[in-house]
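Asker:
Numbering (our numbering), first residue to last: 161 to 493.
1) Assuming residue 199 contacts residue 266 (C-beta within less than 8 Å), just tell me the rounded distance between them.
2) Identify whether residue 294 lies in helix, strand or coil by the three-state DSSP scheme.
3) Along the alpha helix (DSSP H) that carries residue 354, what are the first and last residues, could you check?
4) Compare the C-alpha of residue 439 against each of 269, 166, 193 and name the closest.
5) Can you confirm whether the segment 348-363 touches the segment 372-389 when touching is taken to mean that 3 or more C-beta pairs between the two stretches lie within less than 8 Å?
6) For the candidate residues 264, 188, 182, 187, whose alpha-carbon lies nearest to that of residue 458?
7) Would the segment 304-314 count as touching the segment 385-398 if we require 3 or more Cβ pairs under 8 Å?
8) Taking Cβ to Cβ, would you say residue 450 is nearer than 8 Å to residue 188?
9) Given 8 Å as the limit, is there contact between the segment 399-407 and the segment 441-449, that is, 3 or more CB pairs closer than that?
10) Specify whether the segment 341-355 and the segment 297-312 touch according to this definition: at least 3 beta carbon pairs, one from each stretch, less than 8 Å apart.
11) Tell whether a beta-carbon distance below 8 Å holds between residue 358 and residue 452.
12) Could you work out which residue in 286, 351, 270, 261 is closest to residue 191 when comparing CA atoms only?
13) Where do the N-terminal and C-terminal ends of the alpha helix (DSSP H) with residue 183 fall, by residue?
14) Applying the 10 Å Cβ sphere with the 16-neighbour rule, what's the burial state of residue 288?
15) Taking 8 Å as the threshold (C-beta atoms), are residue 252 and residue 298 in contact?
16) Between residue 480 and the rest of its own chain, which residues show a CB-CB distance below 8 Å, the 5 nearest in sequence each way excluded?
17) Measure the alpha-carbon distance for residue 330 versus residue 286 and round it to whole angstroms.
18) Can you tell me where the alpha helix (DSSP H) holding residue 280 begins and where it ends?
19) Does DSSP put residue 167 in a helix, a strand or coil?
20) Helix, strand or coil for residue 269? Go by DSSP, reduced to three states.
21) Determine the closest residue to residue 171 out of 182, 269, 388, with distance taken between C-alpha atoms.
22) Cα separation between residue 208 and residue 238?
And the structure:
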(Lines of atoms letter the chains of each structure in order from A and count residues from 1; the text may use other names and numbers.)
(Lines give C-alpha, C1' and ligand atoms only; values in the text may rest on other atoms or scores of the structure.)
Protein backbone atom coordinates (compact mmCIF):
# COMPACT_ATOMS: atom_id res chain seq x y z
CA UNK A 1 0.00 0.00 0.00
CA UNK A 2 2.84 2.41 0.74
CA UNK A 3 4.19 1.73 -2.76
CA UNK A 4 0.80 2.39 -4.34
CA UNK A 5 0.20 5.67 -2.50
CA UNK A 6 3.23 7.61 -3.62
CA UNK A 7 3.61 10.57 -5.99
CA UNK A 8 3.73 9.33 -9.58
CA UNK A 9 4.66 10.93 -12.85
CA UNK A 10 2.30 10.72 -15.81
CA UNK A 11 4.25 7.80 -17.28
CA UNK A 12 4.12 6.00 -13.92
CA UNK A 13 0.35 6.57 -13.74
CA UNK A 14 -0.04 4.97 -17.17
CA UNK A 15 2.29 2.13 -16.22
CA UNK A 16 0.27 1.52 -13.05
CA UNK A 17 -2.92 1.67 -15.13
CA UNK A 18 -1.78 -1.09 -17.47
CA UNK A 19 -0.50 -3.12 -14.53
CA UNK A 20 -3.88 -3.02 -12.77
CA UNK A 21 -5.80 -3.64 -15.99
CA UNK A 22 -3.60 -6.58 -17.00
CA UNK A 23 -3.81 -8.23 -13.57
CA UNK A 24 -7.56 -7.60 -13.21
CA UNK A 25 -8.70 -7.83 -16.82
CA UNK A 26 -11.88 -9.84 -16.15
CA UNK A 27 -12.92 -7.44 -13.39
CA UNK A 28 -12.51 -4.22 -15.37
CA UNK A 29 -13.68 -5.58 -18.74
CA UNK A 30 -16.72 -7.10 -17.03
CA UNK A 31 -17.59 -3.78 -15.40
CA UNK A 32 -17.03 -1.84 -18.62
CA UNK A 33 -19.23 -4.22 -20.60
CA UNK A 34 -22.50 -2.56 -19.66
CA UNK A 35 -21.86 0.89 -21.17
CA UNK A 36 -20.99 -0.24 -24.73
CA UNK A 37 -23.70 -2.92 -24.46
CA UNK A 38 -26.34 -0.25 -23.83
CA UNK A 39 -25.00 1.83 -26.72
CA UNK A 40 -25.01 -1.23 -29.00
CA UNK A 41 -28.61 -2.10 -28.09
CA UNK A 42 -29.73 1.49 -28.65
CA UNK A 43 -27.94 1.66 -32.03
CA UNK A 44 -29.41 -1.66 -33.18
CA UNK A 45 -32.89 -0.54 -32.13
CA UNK A 46 -32.50 2.70 -34.08
CA UNK A 47 -31.24 0.74 -37.10
CA UNK A 48 -34.22 -1.61 -36.84
CA UNK A 49 -36.84 1.12 -36.35
CA UNK A 50 -35.44 3.80 -38.68
CA UNK A 51 -33.42 1.67 -41.07
CA UNK A 52 -30.04 2.68 -42.55
CA UNK A 53 -29.60 6.33 -43.47
CA UNK A 54 -30.76 6.83 -47.06
CA UNK A 55 -28.09 7.60 -49.61
CA UNK A 56 -28.19 11.25 -50.73
CA UNK A 57 -29.23 11.88 -54.33
CA UNK A 58 -26.38 12.40 -56.76
CA UNK A 59 -27.67 15.84 -57.73
CA UNK A 60 -30.35 18.13 -56.33
CA UNK A 61 -31.24 21.04 -58.56
CA UNK A 62 -34.37 22.35 -56.87
CA UNK A 63 -33.41 24.38 -53.73
CA UNK A 64 -36.82 23.60 -52.16
CA UNK A 65 -36.14 19.86 -52.46
CA UNK A 66 -32.62 20.35 -51.08
CA UNK A 67 -34.06 22.26 -48.12
CA UNK A 68 -36.55 19.47 -47.37
CA UNK A 69 -33.89 16.73 -47.61
CA UNK A 70 -31.49 18.70 -45.44
CA UNK A 71 -34.16 19.35 -42.78
CA UNK A 72 -35.20 15.69 -42.68
CA UNK A 73 -31.60 14.62 -42.34
CA UNK A 74 -31.01 17.06 -39.47
CA UNK A 75 -34.11 15.88 -37.64
CA UNK A 76 -33.01 12.26 -37.92
CA UNK A 77 -29.42 13.06 -36.90
CA UNK A 78 -30.62 15.19 -33.97
CA UNK A 79 -32.89 12.42 -32.69
CA UNK A 80 -30.12 9.83 -32.95
CA UNK A 81 -27.65 12.13 -31.20
CA UNK A 82 -30.10 12.82 -28.36
CA UNK A 83 -30.76 9.11 -27.82
CA UNK A 84 -27.04 8.33 -28.01
CA UNK A 85 -26.19 10.99 -25.42
CA UNK A 86 -28.87 9.73 -23.03
CA UNK A 87 -27.72 6.12 -23.36
CA UNK A 88 -24.08 7.20 -23.02
CA UNK A 89 -24.81 9.14 -19.82
CA UNK A 90 -26.59 6.18 -18.21
CA UNK A 91 -23.90 3.70 -19.25
CA UNK A 92 -21.10 6.04 -18.19
CA UNK A 93 -22.70 6.59 -14.78
CA UNK A 94 -22.83 2.84 -14.18
CA UNK A 95 -19.48 1.83 -15.64
CA UNK A 96 -17.44 4.84 -14.47
CA UNK A 97 -18.76 4.68 -10.92
CA UNK A 98 -18.23 0.93 -10.60
CA UNK A 99 -14.79 1.04 -12.23
CA UNK A 100 -13.69 3.87 -9.95
CA UNK A 101 -14.72 1.88 -6.89
CA UNK A 102 -12.94 -1.22 -8.19
CA UNK A 103 -9.76 0.79 -8.80
CA UNK A 104 -9.93 2.15 -5.25
CA UNK A 105 -9.93 -1.42 -3.95
CA UNK A 106 -7.31 -3.12 -6.12
CA UNK A 107 -4.98 -0.10 -6.05
CA UNK A 108 -4.80 -0.41 -2.27
CA UNK A 109 -4.37 -4.19 -2.38
CA UNK A 110 -7.95 -5.15 -1.51
CA UNK A 111 -10.16 -7.67 -3.36
CA UNK A 112 -13.04 -6.50 -5.56
CA UNK A 113 -15.71 -8.16 -7.70
CA UNK A 114 -18.01 -6.97 -10.48
CA UNK A 115 -21.15 -7.50 -8.41
CA UNK A 116 -19.70 -5.74 -5.37
CA UNK A 117 -18.57 -2.75 -7.44
CA UNK A 118 -22.04 -2.22 -8.88
CA UNK A 119 -23.67 -2.83 -5.52
CA UNK A 120 -21.54 -0.17 -3.85
CA UNK A 121 -22.49 2.55 -6.35
CA UNK A 122 -26.19 1.64 -6.49
CA UNK A 123 -27.23 4.16 -3.78
CA UNK A 124 -25.38 6.98 -5.55
CA UNK A 125 -26.25 6.11 -9.17
CA UNK A 126 -28.63 9.03 -9.75
CA UNK A 127 -26.14 11.43 -8.23
CA UNK A 128 -23.39 10.16 -10.55
CA UNK A 129 -25.78 10.42 -13.50
CA UNK A 130 -26.64 14.03 -12.64
CA UNK A 131 -22.94 14.80 -12.28
CA UNK A 132 -22.09 13.31 -15.68
CA UNK A 133 -24.97 15.17 -17.36
CA UNK A 134 -23.81 18.41 -15.71
CA UNK A 135 -20.23 17.87 -16.92
CA UNK A 136 -21.52 17.07 -20.43
CA UNK A 137 -23.56 20.27 -20.50
CA UNK A 138 -20.61 22.33 -19.27
CA UNK A 139 -18.23 20.66 -21.69
CA UNK A 140 -20.33 20.43 -24.86
CA UNK A 141 -22.76 23.31 -24.28
CA UNK A 142 -20.86 26.08 -26.13
CA UNK A 143 -19.97 23.79 -29.05
CA UNK A 144 -23.57 22.56 -29.41
CA UNK A 145 -24.77 26.17 -29.33
CA UNK A 146 -22.42 27.11 -32.18
CA UNK A 147 -23.47 24.03 -34.15
CA UNK A 148 -27.11 24.97 -33.64
CA UNK A 149 -26.45 28.46 -34.97
CA UNK A 150 -24.57 26.97 -37.94
CA UNK A 151 -27.45 24.61 -38.76
CA UNK A 152 -29.99 27.42 -38.46
CA UNK A 153 -27.87 29.61 -40.72
CA UNK A 154 -27.54 26.80 -43.30
CA UNK A 155 -31.31 26.23 -43.35
CA UNK A 156 -31.96 29.96 -43.79
CA UNK A 157 -29.38 30.07 -46.57
CA UNK A 158 -31.05 27.23 -48.45
CA UNK A 159 -34.50 28.77 -48.05
CA UNK A 160 -33.21 32.15 -49.18
CA UNK A 161 -31.74 30.56 -52.30
CA UNK A 162 -35.02 28.72 -52.92
CA UNK A 163 -36.87 32.03 -52.78
CA UNK A 164 -34.35 33.72 -55.07
CA UNK A 165 -32.94 36.09 -52.47
CA UNK A 166 -29.49 34.82 -51.59
CA UNK A 167 -27.44 37.18 -49.36
CA UNK A 168 -24.22 38.77 -50.69
CA UNK A 169 -21.18 36.51 -50.91
CA UNK A 170 -19.14 38.74 -48.58
CA UNK A 171 -21.79 38.46 -45.86
CA UNK A 172 -21.94 34.69 -46.27
CA UNK A 173 -18.16 34.33 -46.04
CA UNK A 174 -17.98 36.57 -42.97
CA UNK A 175 -20.67 34.56 -41.16
CA UNK A 176 -18.98 31.32 -42.17
CA UNK A 177 -15.64 32.50 -40.74
CA UNK A 178 -17.33 33.55 -37.49
CA UNK A 179 -19.04 30.17 -37.18
CA UNK A 180 -15.79 28.31 -37.81
CA UNK A 181 -14.01 30.42 -35.19
CA UNK A 182 -16.85 29.80 -32.76
CA UNK A 183 -16.68 26.06 -33.42
CA UNK A 184 -12.91 26.08 -32.85
CA UNK A 185 -13.39 27.97 -29.58
CA UNK A 186 -16.06 25.44 -28.57
CA UNK A 187 -13.69 22.53 -29.20
CA UNK A 188 -10.92 24.18 -27.18
CA UNK A 189 -13.34 24.87 -24.32
CA UNK A 190 -14.62 21.26 -24.43
CA UNK A 191 -11.08 19.89 -24.05
CA UNK A 192 -10.30 22.34 -21.24
CA UNK A 193 -13.54 21.66 -19.35
CA UNK A 194 -13.18 17.89 -19.75
CA UNK A 195 -9.74 18.05 -18.14
CA UNK A 196 -10.87 20.53 -15.49
CA UNK A 197 -13.70 18.29 -14.24
CA UNK A 198 -11.97 14.94 -14.83
CA UNK A 199 -11.72 14.18 -11.10
CA UNK A 200 -15.30 15.12 -10.24
CA UNK A 201 -16.66 11.57 -10.60
CA UNK A 202 -13.90 9.95 -8.48
CA UNK A 203 -14.53 12.60 -5.81
CA UNK A 204 -18.25 11.86 -5.91
CA UNK A 205 -17.82 8.09 -5.71
CA UNK A 206 -14.93 7.82 -3.25
CA UNK A 207 -15.83 10.73 -0.96
CA UNK A 208 -19.63 10.43 -1.27
CA UNK A 209 -20.04 14.09 -2.21
CA UNK A 210 -23.08 15.78 -3.79
CA UNK A 211 -22.91 17.09 -7.34
CA UNK A 212 -21.92 20.68 -6.56
CA UNK A 213 -19.22 19.73 -4.08
CA UNK A 214 -17.90 17.06 -6.46
CA UNK A 215 -17.38 19.69 -9.16
CA UNK A 216 -15.64 22.03 -6.71
CA UNK A 217 -13.55 19.22 -5.30
CA UNK A 218 -12.52 18.05 -8.78
CA UNK A 219 -11.44 21.56 -9.78
CA UNK A 220 -9.37 21.91 -6.62
CA UNK A 221 -7.56 18.59 -6.99
CA UNK A 222 -6.70 19.06 -10.65
CA UNK A 223 -5.55 22.67 -10.33
CA UNK A 224 -2.14 23.23 -12.00
CA UNK A 225 -2.20 19.66 -13.36
CA UNK A 226 -4.43 19.99 -16.42
CA UNK A 227 -1.65 18.94 -18.78
CA UNK A 228 -1.33 15.61 -16.98
CA UNK A 229 -5.02 14.88 -17.49
CA UNK A 230 -4.83 16.00 -21.11
CA UNK A 231 -1.91 13.64 -21.71
CA UNK A 232 -3.79 10.72 -20.18
CA UNK A 233 -6.93 11.50 -22.17
CA UNK A 234 -4.97 11.88 -25.41
CA UNK A 235 -3.05 8.63 -25.09
CA UNK A 236 -6.06 6.55 -24.03
CA UNK A 237 -8.23 8.13 -26.75
CA UNK A 238 -5.65 7.20 -29.38
CA UNK A 239 -5.59 3.64 -28.06
CA UNK A 240 -9.37 3.31 -28.25
CA UNK A 241 -9.36 4.89 -31.71
CA UNK A 242 -6.67 2.57 -33.07
CA UNK A 243 -8.27 -0.56 -31.63
CA UNK A 244 -11.74 0.35 -32.87
CA UNK A 245 -10.41 1.29 -36.32
CA UNK A 246 -8.59 -2.03 -36.67
CA UNK A 247 -11.73 -3.93 -35.72
CA UNK A 248 -13.90 -1.87 -38.09
CA UNK A 249 -11.47 -1.97 -41.01
CA UNK A 250 -12.97 -5.08 -42.72
CA UNK A 251 -16.42 -3.45 -42.84
CA UNK A 252 -15.05 -0.24 -44.33
CA UNK A 253 -13.02 -2.16 -46.92
CA UNK A 254 -15.99 -4.32 -47.96
CA UNK A 255 -18.23 -1.26 -48.09
CA UNK A 256 -15.86 0.69 -50.33
CA UNK A 257 -15.01 -2.21 -52.65
CA UNK A 258 -18.28 -4.09 -53.07
CA UNK A 259 -20.74 -1.17 -53.09
CA UNK A 260 -21.14 1.84 -55.30
CA UNK A 261 -19.08 4.86 -54.22
CA UNK A 262 -22.16 6.99 -53.54
CA UNK A 263 -24.02 4.33 -51.60
CA UNK A 264 -24.00 4.00 -47.86
CA UNK A 265 -22.81 0.86 -46.14
CA UNK A 266 -25.30 -2.01 -46.12
CA UNK A 267 -27.01 -3.48 -43.07
CA UNK A 268 -24.41 -6.23 -42.51
CA UNK A 269 -21.51 -3.75 -42.67
CA UNK A 270 -23.29 -1.40 -40.28
CA UNK A 271 -23.84 -4.21 -37.78
CA UNK A 272 -20.15 -5.15 -38.11
CA UNK A 273 -19.17 -1.54 -37.37
CA UNK A 274 -21.40 -1.46 -34.29
CA UNK A 275 -20.03 -4.77 -32.99
CA UNK A 276 -16.46 -3.61 -33.60
CA UNK A 277 -17.16 -0.40 -31.71
CA UNK A 278 -18.66 -2.45 -28.88
CA UNK A 279 -15.55 -4.64 -28.64
CA UNK A 280 -13.21 -1.65 -28.87
CA UNK A 281 -14.95 0.25 -26.07
CA UNK A 282 -15.21 -2.87 -23.90
CA UNK A 283 -11.52 -3.73 -24.23
CA UNK A 284 -9.98 -0.25 -24.20
CA UNK A 285 -12.67 1.79 -22.45
CA UNK A 286 -11.66 0.93 -18.85
CA UNK A 287 -8.14 2.26 -19.39
CA UNK A 288 -9.10 5.93 -19.21
CA UNK A 289 -11.30 5.41 -16.12
CA UNK A 290 -8.53 3.52 -14.33
CA UNK A 291 -6.00 6.22 -15.22
CA UNK A 292 -8.28 9.03 -14.02
CA UNK A 293 -8.95 7.22 -10.72
CA UNK A 294 -5.21 6.81 -10.21
CA UNK A 295 -4.69 10.50 -10.97
CA UNK A 296 -7.28 11.28 -8.29
CA UNK A 297 -5.25 9.35 -5.71
CA UNK A 298 -2.01 10.85 -6.95
CA UNK A 299 -3.35 14.39 -6.64
CA UNK A 300 -4.58 13.68 -3.12
CA UNK A 301 -1.16 12.34 -2.19
CA UNK A 302 0.52 15.43 -3.61
CA UNK A 303 -1.85 18.04 -2.18
CA UNK A 304 -3.20 16.43 1.01
CA UNK A 305 -0.61 13.81 2.04
CA UNK A 306 -3.27 11.16 1.56
CA UNK A 307 -0.70 8.41 2.06
CA UNK A 308 -0.07 9.65 5.59
CA UNK A 309 -3.81 9.77 6.27
CA UNK A 310 -4.17 6.13 5.25
CA UNK A 311 -1.22 5.11 7.41
CA UNK A 312 -2.65 6.97 10.40
CA UNK A 313 -6.04 5.34 9.94
CA UNK A 314 -4.33 1.95 9.74
CA UNK A 315 -2.54 2.64 13.04
CA UNK A 316 -5.85 3.55 14.63
CA UNK A 317 -7.53 0.22 13.74
CA UNK A 318 -8.21 -2.43 16.41
CA UNK A 319 -5.61 -5.14 16.97
CA UNK A 320 -5.98 -8.09 14.58
CA UNK A 321 -5.45 -10.67 17.43
CA UNK A 322 -8.99 -11.43 18.65
CA UNK A 323 -7.75 -13.74 21.43
CA UNK A 324 -6.09 -10.88 23.33
CA UNK A 325 -8.60 -8.69 25.11
CA UNK A 326 -7.16 -5.22 24.74
CA UNK A 327 -8.87 -1.96 23.98
CA UNK A 328 -8.37 -0.38 20.58
CA UNK A 329 -5.96 2.54 20.51
CA UNK A 330 -7.45 5.95 19.80
CA UNK A 331 -7.70 7.08 16.18
CA UNK A 332 -4.90 9.41 15.21
CA UNK A 333 -5.70 12.57 13.35
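Where a beta carbon is used, it is the ideal one built from N, C-alpha and C, also for glycine. Computed from a prediction, not measured in an experiment: that's the story for all the values here.
Answerer: This is what the structure gives:
1) About 26 Å; that fails the 8 Å criterion.
2) helix
3) Here the alpha helix (DSSP H) through residue 354 covers 329-356.
4) The shortest C-alpha separation from residue 439 is found at 193.
5) yes
6) 264
7) no
8) Using a Cβ distance threshold of 8 Å, residue 450 and residue 188 count as a contacting pair.
9) As far as the Cβ criterion goes, the segment 399-407 touches the segment 441-449, which means the pair count is three or higher.
10) Result yes; three or more Cβ-Cβ pairs closer than 8 Å.
11) Taking 8 Å as the cut-off, the Cβ atoms of residue 358 and residue 452 count as close.
12) 261
13) 170-183
14) buried
15) In this structure, residue 252 does not lie closer than 8 Å to residue 298 by Cβ.
16) Here the model assigns residue 480 a pLDDT of 40, short of 50, so the residue's position is not dependable and the matter cannot be decided.
17) 50 Å
18) Residues 274-281.
19) coil
20) It is coil, neither helix nor strand.
21) Scanning 182, 269, 388 for the CA closest to the CA of residue 171 turns up 388.
22) 17 Å
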